[in-house]
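Residue numbers (my numbering): 14 to 313. Each remark here refers to the structure printed beneath this line.
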């Protein structure tokens with residue numbers, strides 16, 4: 014994997030953790046200690062500082078094998094054919110196995126539903142997974158059933174022809190009817206488990222539109238132009254309007270009985286990998302989201 018350092022003088026482990034969202038600072042230190050980071054064929058030492066525009070080659074270790082097995086977990090399938098499947102993921106379901114969630118994930122359910130027919134590009138831990146949404150975000154996730162479809166969909170993620178639209182309830186009143194947040198996202202220097210708007214982060218763009226205003230809250234539609242980790246949650250909190258129920262980036266105490274973020278992936282539009290024709294898949298608001306809306310007082 015190749016990354017480019019945007020500025021000079023940063024600690025090498027800090028820079029790597031910001032440039033690679035999936036890598037923590039301690040993991041970045043291990044990569045440096047193991048000689049997995051090179052620059053022009055030279056092994057980078059952990060006590061080095063970055064140079065502006067410096068190109069680093071990072072050899073990420075293979076993930077430790079897990080016993081990823083099919084499980085008969087019910088799926089709400091919104092669209093399916095021989096190449097792709099789109100699932101309406103419930104809040105609370107983890108997308109793929111990890112150390113803390115070895116099974117009971119969307120991947121386990123897809124392996125069962127698709128009888129093992131999923132692309133292998135992302136390896137055994139994430140077969141078929143083209144993009145992810147958070148455990149506590151509900152809504153549409155697309156998966157590829159073969160490598161041909163996966164490559165086509167991944168390319169659409171890069172050039173933004175795969176469009177993702179979300180609905181959310183945010184804290185506070187947004188005065189504008191809509192707008193764009195264009196602010197880079199990387200690891201938070203204060204808390205490595207969180208993301209934040211940081212100088213030198215990866216470019217992140219979120220377009221939003223107000224759907225309805227309530228007393229103390231606003232219902233918004235958010236369209237992703239890029240797809241950074243926790244992007245909508247970070248961007249809305251950056252504007253001073255965190256997602257209702259998001260105790261990581263917003264208020265620490267639950268509001269309106271909502272113990273996780275009120276964020277739903279409502280719509281996916283993509284070009285079918287085999288026919289090239291546009292496909293739009295939508296899903297309604299889940300019960301938890303509707304229950305929140307019923308508690309809100311609309312502004313006249």
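All C-beta atoms in this analysis are idealised placements derived from N, C-alpha and C, irrespective of residue type, glycine included. Note that the structure is a prediction, hence the values are computed from the model and not measured.
| Item | Value |
| --- | --- |
| Segments of 4+ residues assigned as alpha helix (DSSP H) that fall wholly inside the segment 118–168 | 119–126 |
| Residues bridged to residue 195 [DSSP beta-bridge criterion] | 218 |
| The beta strand (DSSP E) enclosing residue 102, as first and last residue numbers | 97–102 |
| Runs of alpha helix (DSSP H) lying entirely within the segment 239–268, each at least 4 residues, in chain order | 244–251 |
| Residue range of the unbroken alpha helix (DSSP H) whose run includes residue 27 | 25–32 |
| Distance between beta carbons of residue 68 and residue 17, contact taken as under 8 Å | 5 Å |
| The segment 211–223 touching the segment 234–247, judged by at least three CB pairs closer than 8 Å | yes |
| Assigned exposure category for residue 162 - 16 Cβ within 10 Å defines buried | buried |
| Where residue 110 falls, given that 16 or more other Cβ within 10 Å makes a residue buried | buried |
| Minimum C-alpha distance to residue 223 - residue among 190, 58, 245 and 131 | 190 |
| C-alpha distance - residue 170 paired with residue 176, whole-angstrom precision | 8 Å |
| Outcome for residue 65 when other beta-carbon atoms lying within 10 angstroms are tallied against a minimum of 16 | exposed |
| Own chain, CB closer than 8 Å to residue 192, minus 5 neighbours either side, in chain order | 220 and 221 |
| The beta strand (DSSP E) enclosing residue 278, as first and last residue numbers | 276–284 |
| The alpha helix (DSSP H) enclosing residue 306, as first and last residue numbers | 300–308 |
| Test item: CB-CB of residue 247 and residue 92 under 8 Å | no |
| Residues sharing a beta bridge with residue 209, DSSP | 199 |
| Reduced DSSP category for residue 170 - H, G, I as helix; E, B as strand; rest coil | helix |
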